[in-house]
Amino acid sequence: MEKDGFSWWICRIRRAQNLFDEFRIDHFRGFAGFWAVPSEAKVAMVGRWKVGPGKPLFDAIFRAVGKINIIAEDLGVITDDVVQLRKSIDAPGMAVLQFGFGSDAKNPHLPHKHEHNQVVYTGTHDNDTIRGWWDVLPQWERDNVIKYLGSIDQTEISWALIRAALSSVARTAIIPMQDILGLGSSARMNIPATQFGNWSWRLPSSMGFDELNGEAERLRGMIATYGRL
15 MEKDGFSWWI CRIRRAQNLF DEFRIDHFRG FAGFWAVPSE AKVAMVGRWK
65 VGPGKPLFDA IFRAVGKINI IAEDLGVITD DVVQLRKSID APGMAVLQFG
115 FGSDAKNPHL PHKHEHNQVV YTGTHDNDTI RGWWDVLPQW ERDNVIKYLG
165 SIDQTEISWA LIRAALSSVA RTAIIPMQDI LGLGSSARMN IPATQFGNWS
215 WRLPSSMGFD ELNGEAERLR GMIATYGRL
């Protein structure tokens, strides 16, 4: 790709920019370094680490397209070179609240560890809904959630996490519609490593926008409270 000036990436980013105000690049760490597996390999364990295209790729994109608003999906094992690359292009990273309560106070997904140049999610497309997540959460992890958020109505756990996201210092908060509606696992968008039944959830056609006035007003109130209007 570098030999032709990263033309594939430039075309793809230009098209995305015409469609969206902001978009996320998954597996951002692959631009710094990636695990390469021979095409004939039967298992991925036989691969090796290779250096990714890094800053030259984004320099080429910026020259061709101009400023782009991207979110860097920097989840998983993130090394210093990935952090440096993300910061060098001024792209916000991610925090996912569902990942915040399974360890200690140093967990980077907890709201007090968030940064301004970051995007906080209650959960992503690869997570269960908040309601579904809560329903199967071990009791010790539930206790962590309650201890952190304070006294909460567990029947409204989705709104408790929505409030936590909106009150974060992260510059952007993304809340899936399923969480706003308080839906369970049947409304989950995607289950990683599965082939069927994903990306099929839709807002029911029988539900008009007038029926969402209660949720809309509640969400707007929280957005106003935390200065996000």
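Under our numbering, the first residue of the sequence shown carries the number 15, and numbering increases by one thereafter.
Using N, Cα and C, we set each Cβ at its ideal position, and we do this for glycine too.
{"Query": "Tell me the rounded alpha-carbon separation between I205 and N141.", "Result": "7 Å"}
{"Query": "Just how far apart, CA to CA, sit V150 and A178?", "Result": "20 Å"}
{"Query": "My assumption, with CB atoms under 8 Å, is that S199 sits in contact with G146. Please give the rounded CB distance.", "Result": "3 Å"}
{"Query": "DSSP on F115, reduced to helix/strand/coil?", "Result": "coil"}
{"Query": "Among I103, Y135, D157, which one has its Cα closest to the Cα of W251?", "Result": "Since the first residue of the chain shown is 15 and the last is 243, residue 251 is not available in this structure."}
{"Query": "Helix, strand or coil: how does DSSP classify H143 here?", "Result": "First, the residue type needs correcting, since residue 143 is Thr and not His in the sequence shown. Three-state result, T143: coil."}
{"Query": "Quick check: H128 and S182, are their CB atoms within less than 8 Å of each other?", "Result": "yes"}
{"Query": "By the DSSP assignment, the alpha helix (DSSP H) with V96 in it spans what residues?", "Result": "94 to 102"}
{"Query": "Closer than 7 Å by C-beta to A78: which residues in its own chain qualify, once you throw out the five before and the five after it? Chain order, please.", "Result": "I24"}
{"Query": "Give me the Cα-Cα distance between I176 and P52, rounded to the nearest whole angstrom.", "Result": "43 Å"}
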